[in-house]
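Notes follow the structure.
In full-length UniProt numbering, the protein residues as written are 1 to 139.
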């Protein structure tokens, strides 16, 4: 794979070919940076969790620490799932399917990918999906 150097001010635009090498590299770097941030946060969380048991004598303080811990673990779980989705997005970049809707094969809007680089569905397919879920939930 050839190395592509992105201009520092590069932003994907609809004027260029969809998922051309620059766009692909832009999203690859965006995903890698996001993953690195999540892994760093996870490391910080682990460090604070491993600082030992709860030493608060006061029951209220102990409850507060427990709540903080539960929240931290939930956040870590979310981050772990996100990292999995980022890894899948990076695989799609490698195999050339990144940026295309899994259901329709249509390009996913650049604005959507910019906001949610792990998106696998176009806005239309996503909304269709959510409507279907809502219908089935109401049963």
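All C-beta atoms in this analysis are idealised placements derived from N, C-alpha and C, irrespective of residue type, glycine included.
Item: Three-state secondary structure (DSSP) at residue 21?; Value: helix
Item: Can you tell me whether DSSP reads residue 26 as helix, strand or coil?; Value: helix
Item: Is it the case that the CB of residue 115 approaches a heavy atom of the ligand ZN more closely than 8 angstroms?; Value: As for the ligand ZN, it is missing from this structure, which has no ligand bound.
Item: From residue 86 to residue 104, what distance separates their C-alpha atoms?; Value: 21 angstroms
Item: Residue 82 and residue 12 - do their beta-carbons sit closer together than 9 angstroms?; Value: no
Item: Near residue 98, which residues of its chain fall below 6 angstroms by C-beta distance, leaving aside the five closest residues on each side in sequence?; Value: 92
Item: For residue 80, report the span of its alpha helix (DSSP H) as first-last.; Value: 59-95
Item: Tell me residue 100's beta-bridge partners as DSSP assigns them.; Value: 107
Item: Rounded to the nearest angstrom, what separates residue 90 and residue 117 at their Cα positions?; Value: 10 angstroms
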